[in-house]
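Report on one structure; see the data block that follows.
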Amino acid sequence: MTPADLSRTVLHAVRRAVDEDALRAPVPARVRVERTRPGGSGDYACAVALQLAGPAALPAREVARILRDRVAAAPGVGHVEITGPGFLNFTLDAPADADARASVVRAVLDRGPQYGHVTADNGTLHRLHHPPEVRAAVLARTVGHLLRAQGGQVLIRCTGAADPDWERLRAAVAPRSGPREHHGTGSREIRPVPSRTGAAALLERLGPDAALWGLVRPAAHDRAPLGDDLLVQTEANPLFLVRYAHARARALTRGAEQLGFTGAYEQDVDAPALHAALADHPGVLASAARHHAPDRLARHLESVARAFFDLHDTAGPLPVGDEKPSAAHRSRLALAEAAGTVLAGGLSLLGISAPRHL
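Position in the sequence shown (from 1) plus 767 gives the number in our numbering.
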């Protein structure tokens, strides 16, 4: 594991802690790790816990403990120790079990977009109710998709007059619920901070995909920013980043077909952040469904996309120049295809299209 890999692993742990509501603090753009100074502990050290302690309103050592528990199991990390006021110290291990990583990649490719779904009906009926407002309707629909992906049955009802334009945002215009049904056992009201803009205006200005991302990406208790930046075609726009990563993964598959080879995970690939993100996907889906929080899935897809581009930009899956396709190329391609598959499945659950060309 390189220092850059370790930095991404720690940053991924911060995102996971925030997504799981174990840490309430802004996720930094990057995390810096340094070689341990003489007399220190481990191979590398990091001060991110001290950086996050103030915004999280927690002692730095408590923040370090939260992050340690999430970094310690990462591939390539042998031991994590907390020293001083809250420094994280990492001792790197020999490469983790390659068979475990290979099994995750193969599971993704075998299950396709259904990876992380629970196929057996768990018998649970979820009754969701929402006010007659566009963001509430979209979130109720998306939460319904997540609950069904975990084996549940879902009944969605609106507590007022529905707007036909919701259908253009891929949210069903559900019948109005009665008082008894609304207060029945097992009912849950989906009531996010309302959108200041109605469905028709959002569709006209942003189109369905950007409007849906803008409505589901923020946590329900936060206001949804629905500016024109959702349409920006650069990697600074998280929606573009996720969809572009999917399109690039599909382009790699097409390129490999033209060169006469296919993806197969035959050789371990040094991409800890991407391996971790793929392995985390079933847990993220379960957590997003349990907490009625599709924003967790949206943020996870961003993590998968960033990790995909780390692989794409540093260890290309396709041969270059006079290179011949090797086991390394086939394995990187399989890993890239697995990332694209997870992105496609996640976007589908959010109701957003995943174009093969972008």
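Just so you know, even glycine gets a beta-carbon here, dropped at the ideal spot from N, CA and C.
In this text the structure is predicted, and so the values were computed from the model without any measurement.
Three-state secondary structure assigned by DSSP to valine 785: Residue state, collapsed to three classes: helix.
Same chain only: Cβ atoms within 6 Å of alanine 907, ignoring 5 sequence neighbours per side: Here alanine 907 has Leu895, His897, Ile923 and Ile957 as same chain residues with Cβ atoms under 6 Å from its own Cβ, once five neighbours each way along the sequence are excluded.
Sequence ranges, beta strand (DSSP E) only - wholly within the region 1017-1072, length at least 3: Fully enclosed beta strand (DSSP E) runs of 3 or longer: not present.
Simplified DSSP state of isoleucine 923, which is helix, strand or coil: Of the three classes helix, strand and coil, the one that applies to isoleucine 923 here is strand, per DSSP.
7 Å Cβ shell around arginine 837 - same chain, five flanking residues per side excluded: The residues are Ala780, Arg783 and Ala784.
N- and C-terminal bounds of the beta strand (DSSP E) containing glutamate 1104: It is not in any beta strand (DSSP E) - glutamate 1104 instead sits in the alpha helix (DSSP H) that spans 1094-1116.
Entirely enclosed alpha helix (DSSP H) segments - the region 851-933, minimum 4 residues: Counting only runs of 4 or more, we get 865-878 and 901-916.
Paired residues, beta bridge with serine 954 - DSSP: Paired residue(s): Arg894.
Beta-carbon proximity list for arginine 1015, same chain, < 7 Å, skipping 5 on both sides: Contacts found: His1079.
Glycine 1118, buried or exposed, once every other Cβ within 10 Å from all chains shown has been counted against 16: The residue in question, glycine 1118, is buried, as its Cβ has 16 or more Cβ neighbours within 10 Å.
Best match in Ala978, Glu1033 and Ser774 for proximity to glutamate 801 [C-alpha to C-alpha]: Taking only the C-alpha atoms, the option nearest glutamate 801 is Ser774.
Classification of valine 1087 by the beta-carbon crowding that lies within 10 angstroms, buried from 16 upward: Exposed.
Minimum C-alpha distance to threonine 1029 - residue among His1096, Val1036 and Gly927: Checked all of His1096, Val1036 and Gly927; the closest Cα to threonine 1029 is His1096.
For arginine 802, three-class secondary structure by DSSP: Correct three-state label for arginine 802: strand.
As assigned by DSSP and simplified to three states, the class of isoleucine 833: Note: isoleucine 833 maps to helix in three-state DSSP.
With 16 other Cβ atoms within 10 Å as the buried cut-off, status of valine 999: Exposed.
Rounded C-alpha distance that separates threonine 952 from alanine 827: Caution is warranted here: a pLDDT of 48 is assigned to threonine 952, below 50, making its placement in the model unreliable, and the coordinate value is therefore given only provisionally. Going by the C-alpha atoms only, they are around 42 Å apart.
Alanine 814 and leucine 855 closer than 9 Å at C-beta: In this structure, alanine 814 lies near leucine 855, with their beta-carbon atoms less than 9 Å apart.
Local conformation of glutamate 848 per DSSP, three classes: In the three-state reduction of the DSSP assignment, glutamate 848 falls in the strand class.
Endpoints, beta strand (DSSP E) assigned at alanine 812: Here the beta strand (DSSP E) through alanine 812 covers 811-813.
Whole-angstrom C-beta distance between alanine 1074 and arginine 1099, which should lie under 8 Å: The beta carbons of arginine 1099 and alanine 1074 sit about 13 Å from each other, so the pair does not count as a contact at 8 Å.
Test item: CB-CB of alanine 1065 and glycine 1113 under 9 Å: Contact flag set, yes.
Simplified DSSP state of arginine 1123, which is helix, strand or coil: In the structure shown, the three-state DSSP call for arginine 1123 is coil.
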